[in-house]
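Residue 467 is where the sequence shown ends in the numbering used here, and the numbering goes up by one at each step. From the three backbone atoms N, C-alpha and C, an ideal C-beta is built for every residue, glycine too. Since this is a predicted model, take the numbers as computed values, not measurements.
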Amino acid sequence: MKKNKIMLQQFIVVLTFLVSAVSCSGDENNTDDNGSQVPDPNPDEEVSFDIPEAEPEDLGFNPEKFREVDSRAALMGRLHSLLVIKNDTLVFENYYNNFSEGQASNLKSSSKSILNLLIGIAIEEGFIESIDETLYDYVPEIYNDEMDPRKKEITIEHLMTMTSGLESTSLDNYSAWTNSDDWLRHALELPMEADPGEWYAYSTGDTHLLSAILTEATGMSSLEFAQKYLYEPMDIEVTRWETDPQGYNEGGNNVYVKPYDLAKIGIMVSNGGIYKDQRIVPEDWIEESIKFQVEPQGISRPFEIEGYGYLWWLVKANQYSTYSAIGHGGQYMMTIPELDLIVVLTSLSQGSTPGDHFTDIASLVEDYILASLEE
């Protein structure tokens with residue numbers, strides 16, 4: 093900042109995932125990218141600074157307590173960025189551990205929440221009729237006659253709520269999936285564990301199938317569609333979103349966005365899909381997406397999970413309900429509607445993340461940021 097610079101999966105499977113990922117964001121065999129060390133883009137990319145700014149105390153933060161936020165953040169060895177937005181106004185922005193404001197962060201599974209916005213736009217623009225349409229409607233070529241017939245019943249809504257009924261591509265299956273020659277077919281060829289809509293299983297394969305639907309529906313890659321309908325209208329430059337062997341952008345992973353631009357997206361969502369008086373995403377889509385749709389069973393640390401929307405996590409920070417985009421390693425865009433507060437954090441995403449980092453994130457949000465506002 094220029095000033096401050098739904099039958100559910102067995103309990104144990106979900107619990108194991110939630111605890112190991114902590115962020116509940118797709119910790120696939122410890123990382124979404126299976127540990128690949130992919131460098132971030134050039135850290136000198138231009139940032140379009142257009143969020144109003146104010147000092148924290150101008151918007152109700154205790155200045156003495158809030159000064160501790162930066163000091164605490166600076167002690168976190170994996171933290172890359174921290175931005176705090178109150179009432180659509182940026183009150184804090186800083187970067188850590190040699191990360192710069194112009195450097196794009198790999199959002200990891202927070203990418204799923206971006207994909208949600210794109211599906212909503214595609215429906216509004218007429219490319220997709222409704223969330224009741226099926227995967228088979230868009231990619232029939234990946235089906236064969238020997239498949240479980242229930243697979244033709246998988247809808248867009250099922251994919252957005254991780255209730256396709258397919259065995260998950262995540263956890264122990266992740267490496268086999270991403271090392272396969274055809275990610276779509278591999279995901280679809282996994283066995284059905286339940287009827288569609290009856291069983292929750294976090295799976296990045298489900299969201300990757302969504303990316304294929306988006307591409308087939310629009311005639312554009314998911315990245316191209318995002319650039320035209322989401323990023324460009326918001327003066328956001330995003331040029332990197334990893335692809336599978338067939339060239340489909342990874343539906344649930346590996347979007348690179350600068351933290352400041354992620355904050356702009358957070359502001360847009362918190363305003364019901366409007367950014368700077370321009371409608372970006374339909375309001376009714378936002379409302380449906382960030383409300384309870386399904387209950388992932390299990391216990392979350394460090395944030396308590398209240399439910400799952402359409403690719404958005406519903407978690408609590410202290411006593412406050414939030415809707416959040418959450419990604420492996422500590423990529424968070426957490427919105428607390430009751431306080432009109434958005435917190436963006438990005439972190440080192442490569443490799444396995446120590447549990448202490450997630451504990452530190454929770455403490456930073458709850459014991460420092462929220463505490464300085466509540467006093």
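Helix, strand or coil: how does DSSP classify L440 here? By one-based count along the sequence shown, residue 440 stands at place 348. Correct three-state label for L440: coil.
Per DSSP, which residues does T335 bridge with? Please list them. Within the sequence shown, numbered from 1, the residue matching residue 335 stands at position 243. Looking at the DSSP assignment, T335 forms a beta bridge with N341.
C-alpha gap between D264 and N190, whole angstroms: Position 172 of the sequence shown, counted from the start, is the residue given in the question as residue 264. Position 98 of the sequence shown, counted from the start, is the residue given in the question as residue 190. Rounded to the nearest angstrom, the two C-alpha atoms are 33 Å apart.
Count the other CB atoms within 10 Å of the CB of I461; is the residue buried (16 or more) or exposed (fewer)? Here residue 461 corresponds to residue number 369 of the sequence shown, with the count starting at 1. With 16 or more other Cβ atoms within 10 Å, it is buried.
Cβ-Cβ separation, L151 to A355 (assumed contact under 8 Å), whole Å: Sequence index remark: in the sequence shown, residue 355 carries index 263 (1-based). Sequence index remark: in the sequence shown, residue 151 carries index 59 (1-based). At roughly 15 Å, the Cβ-Cβ gap does not stay under 8 Å, so A355 and L151 are not in contact.
State the beta-bridge partners of G399 as determined by DSSP. Position 307 of the sequence shown, counting from 1, holds the residue named residue 399. DSSP, once it has assigned bridges, lists L406 as partnering G399.
Quick check: I246 and S256, are their CB atoms within less than 8 Å of each other? Taking the first residue of the sequence shown as position 1, residue 246 is located at position 154. Taking the first residue of the sequence shown as position 1, residue 256 is located at position 164. Yes, the Cβ-Cβ distance between I246 and S256 is below 8 Å.
Let's see if you can read the secondary structure: which residues bound the beta strand (DSSP E) around I418? Taking the sequence shown and counting its residues from 1, one reaches residue 418 at position 326. Where I418 is concerned, the enclosing beta strand (DSSP E) stretches over Y412 to G419.
Excluding the five sequence neighbours on either side, which residues of its own chain have a C-beta within less than 6 Å of the C-beta of G419, listed in chain order? For the purposes of this step, residue 419 is taken as the residue at position 327 of the sequence shown. Result list for G419: S117, L199, K200, S201 and S202, in chain order.
According to DSSP, is F184 helix, strand or coil? Looking up residue 184 in the sequence shown gives position 92. Residue state, collapsed to three classes: strand.
With 16 other Cβ atoms within 10 Å as the buried cut-off, status of S303: Residue 303 sits at position 211 when you count from the first residue of the sequence shown. S303 should be labelled buried.
Short check: CB of F450 to CB of G422, under 8 Å? For the purposes of this step, residue 450 is taken as residue 358 along the sequence shown, with counting starting at 1. For the purposes of this step, residue 422 is taken as residue 330 along the sequence shown, with counting starting at 1. Closer than 8 Å, so yes.
Along the chain, where does the beta strand (DSSP E) containing M426 start, and where does it finish? Residue 426 sits at position 334 when you count from the first residue of the sequence shown. That run of the beta strand (DSSP E) goes Q423 to I428.
Taking 7 Å as the limit between beta carbons, can you name the residues of its chain near A146, skipping five residues before and five after? Here residue 146 refers to the residue found at position 54 of the sequence shown. Cβ neighbours of A146 beyond the five flanking positions: T181 and V183.
Considering only the alpha carbon of each residue, which of H250, R332, Q338 and Y321 lies closest to I366? In the sequence shown, the residue the question calls residue 366 occupies position 274. Closest option to I366, Cα to Cα, is Y321.
Can you round the beta-carbon distance between G358 and S381 to whole angstroms, since I take them to be within the 8 Å contact cut? Here residue 358 refers to the residue found at position 266 of the sequence shown. Here residue 381 refers to the residue found at position 289 of the sequence shown. Actually they are not in contact, since the Cβ atoms of G358 and S381 sit about 13 Å apart, beyond 8 Å.
So what's K383 in DSSP terms, helix, strand or just coil? Numbered from 1 along the sequence shown, position 291 holds the residue referred to as residue 383. It is coil, neither helix nor strand.
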